[in-house]
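Here the sequence shown is numbered in this note's numbering, starting from 4 and rising by one per residue. For every residue, glycine included, the Cβ atom is placed at its ideal position computed from N, Cα and C. Note that this is a predicted model, so its numbers are computed, not measured. What follows is a single structure, written as structure tokens, with notes after it.
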Amino acid sequence: MPHVLLQIIIVPIIASFLILFSRPIMGRKAGWIAVASLVYTSVLLCLVGLNIYQGIPIYEEYPLIGNFMKFDLMADGLSLPIALIINLICVVLALYSMHYVEHRVDILYGTADDNTKRKYYIRFFSLYLLFPTGFAGVCLTTNLLAMYFFLELLPIPLYFIMAYFGYRDRVRVALMCLMWGVIGASFFLVGAVLTYVQTGSFQIADIHLLAGNPMVFWIILLFLIGLATKLAIFPLHVWMPWVHAEHPTCIAGLLAVYANIGAYVLMRIIIVPLPGDFKVFTLPLMIMALITMVYGSLLTMAQTDVKRLAACSTISQISYSILGLAAATTISMEGGMFFFLSHIMGKTIFFSTAGILVYVTGIRDMRQMGGLASRMPITALLWLIGAMMLSGFPPFSSFAAEWIMFTGIFSFGVVTIPLGLIVAILGVSAIILTISYTFWSMKRIFFGPLQPHLAKKNIKDPPLTMSVPLLFLAIVSLMLCIYPSIVLDLFHQIIGKL
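Spelled out as structure tokens, the structure:
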């Protein structure tokens with residue numbers, strides 16, 4: 004199929020404009036148009052995957068300004084599985100958003116007329132489709148400037164969706180998200196410009212020319228600071244609890260992807276082209292990841308707000324992938340990328356279930372919940388699945404990912420005794436904290452006697468368009484646990500060569 008990678012990027016944009024400029028007749032069809040466009044791009048990614056499995060990367064050239072600026076696209080064993088799983092999450096959350104956004108508009112703009120409410124509904128899905136375009140662009144581009152552009156594209160829909168549909172202090176929190184996004188991207192841009200100065204190219208394929216260059220340490224450091232800001236690594240995490248807790252929950256999984264995608268960028272532009280020069284950063288980065296894992300877990304355990312609990316848990320979970328990548332062994336890096344995919348699926352389910360609780364009960368304080376399993380059995384099952392996925396329990400892919408990743412981390416630790424081994428032991432021990440806050444919160448929300456004020460309400464499971472897509476994502480995770488080679492074989496095509 005001609006221009007298949009370009010289609011994956013621009014079809015959501017076309018659908019976004021179609022929704023926006025056809026709003027007098029679009030109405031409630033906007034959500035289904037968004038879903039249809041994303042299903043189409045998911046099918047395209049699956050077709051691309053058939054070629055990638057045969058070891059044939061797909062490359063498309065779109066020169067803009069000679070060799071200075073080339074908008075080339077490439078799908079290979081590293082970018083394809085990342086782009087596909089992210090696109091599936093976008094499909095799932097588009098379905099989930101239909102009822103959620105309608106409900107949110109009624110709460111925020113209930114006094115407005117039906118035409119105004121419909122405009123907000125259409126505005127949401129028009130903005131929503133910028134996410135899959137940005138994510139696909141980051142995964143598929145071969146140019147540092149284009150990657151910067153797509154990274155900068157993502158905070159734009161985040162800002163407007165939070166400002167229009169968020170929760171407490173939504174405009175202030177939206178500005179906070181935009182500000183931190185710009186700060187992180189600025190460090191990335193400076194690193195990209197220095198790369199061009201030293202190599203004469205913005206192409207990612209030419210970054211390897213920096214190997215042994217006196218400036219390579221500073222270039223990697225700039226990239227790492229920019230990515231650490233997006234990855235919410237301690238002490239650059241301060242934006243995450245506010246932004247992740249107060250946005251509309253229907254995009255919670257997308258914000259988790261936005262934060263986690265820095266792990267892919269780290270792999271693509273630093274570790275793969277500059278494995279030797281990256282080694283000086285391995286142990287410091289592992290220590291920072293470990294601190295973030297423990298701090299994020301303790302912060303999560305202190306929360307009583309169900310959305311803030313899910314938000315703070317993201318800080319901890321992201322750093323597991325960074326720990327695996329920083330160990331820089333083949334197994335730890337493949338496991339780290341596998342955990343990245345597992346985490347964004349688990350976080351989508353976990354946070355979206357928190358959104359269902361707020362959607363149905365109108366309550367965020369877990370101390371006012373309890374006994375909800377009797378009224379919301381499917382929601383309780385989804386929380387259990389999300390807790391198991393984040394905690395690394397079988398039969399979900401995070402179990403296989405953690406097993407593989409920590410095998411590689413311990414092999415690194417054995418070589419770098421004693422500090423590396425200590426970090427590896429503490430890292431695997433931190434899983435206990437994840438188990439504690441996920442299952443403790445489940446007991447608090449769903450079990451025990453039903454609260455009297457809840458017994459008086461008509462509480463039940465949400466519409467199937469909110470729960471069934473999340474169950475589909477759980478099935479994908481289950482399949483990847485049983486057959487991890489589906490993604491590991493693809494990762495090995497790139498990482499195995501290191």
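Asked                                                                                                           : Found
Buried/exposed call for Ala-18, threshold 16 Cβ in 10 Å                                                         : buried
Alpha carbon of Ile-272 to alpha carbon of Ile-210, nearest angstrom                                            : 7 angstroms
Distance between Ile-318 and Leu-234 (C-alpha atoms, nearest Å)                                                 : 8 angstroms
Strand pairing of Asp-308, partner residues [DSSP]                                                              : Asp-368
Alpha-carbon spacing of Met-182 relative to Val-38, whole angstroms                                             : 30 angstroms
Straight-line gap, Phe-342 to Ala-404 (C-alpha atoms, nearest Å)                                                : 5 angstroms
Segment contact, 8 angstroms Cβ cut-off, at least three pairs: the region 289-309 with the region 347-355       : no
Cβ neighbours of Gly-339 in the same chain (closer than 6 angstroms, five flanking residues each side left out) : Ser-324, Gly-327, Leu-328 and Met-408
Endpoints, alpha helix (DSSP H) assigned at Ala-248                                                             : 242-249
Residue range of the unbroken beta strand (DSSP E) whose run includes Leu-76                                    : 76-78
Pair within 7 angstroms by beta-carbon distance, Ala-231 and Leu-239                                            : yes
Distance CB(Met-348)-CB(Trp-245) smaller than 7 angstroms                                                       : no
Simplified DSSP state of Thr-73, which is helix, strand or coil                                                 : Thr is not the amino acid found at residue 73; the sequence shown has Lys there. Strand.
beta-carbon Thr-136 near the ligand HEM non-hydrogen atom, thresh 6 angstroms                                   : Ligands are entirely absent from the displayed structure, and the ligand HEM is therefore not among its contents.
Short Cβ contact (7 angstroms threshold) for Gly-137 with Leu-111                                               : no
Close beta carbons around Ile-254, own chain, < 8 angstroms, minus the five adjacent residues each side         : Leu-96, Ser-100, Tyr-131, Phe-134, Leu-161 and Ile-164
Buried versus exposed, by CB contacts within 10 Å (16 or more), Ala-177                                         : buried
Euclidean distance between Cα positions of Thr-252 and Gly-358                                                  : 5 angstroms
Which of helix, strand or coil DSSP assigns to Leu-157                                                          : coil
Cβ neighbours of Pro-455 in the same chain (closer than 6 angstroms, five flanking residues each side left out) : none
Inter-residue spacing [alpha-carbon to alpha-carbon] between Leu-91 and Tyr-267                                 : 17 angstroms
Bounding residues of the beta strand (DSSP E) (the contiguous stretch that carries Glu-64)                      : Careful: Glu-64 lies outside any beta strand (DSSP E) and carries neither H nor E.
Beta-carbon proximity list for Leu-393, same chain, < 8 angstroms, skipping 5 on both sides                     : Ser-316, Gln-320, His-346, Gly-349, Lys-350, Phe-353, Ser-401, Thr-437 and Thr-441
Asn-54 (DSSP reduced to helix, strand or coil)                                                                  : helix
Length of the line joining the Cα atoms of Arg-175 and Glu-249                                                  : 10 angstroms
Sequence ranges, alpha helix (DSSP H) only - wholly within the region 409-477, length at least 4                : 422-432, 434-449 and 455-458
Burial state of Ala-208 (16 or more Cβ within 10 Å)                                                             : exposed
Beta-carbon proximity check, Tyr-65 vs Met-77, cutoff 7 angstroms                                               : no
Start-end ranges of the alpha helix (DSSP H) lying completely within the region 140-219, minimum 4 residues     : 147-156, 158-168 and 173-202
Val-490 versus Phe-153 - alpha carbon distance                                                                  : 24 angstroms
Backbone secondary structure at Asp-109 - three-state DSSP                                                      : helix
Closest by C-alpha distance to His-102, when choosing among Leu-87, Ala-139 and Trp-35                          : Trp-35
Between the CA atoms of Ala-376 and Ala-331 - distance to the nearest angstrom                                  : 43 angstroms
Extent of the continuous alpha helix (DSSP H) to which Phe-237 belongs                                          : Here Phe-237 belongs to no alpha helix (DSSP H), and DSSP marks it neither H nor E.
Cβ pair Ile-12, Ala-139 closer than 7 angstroms                                                                 : yes
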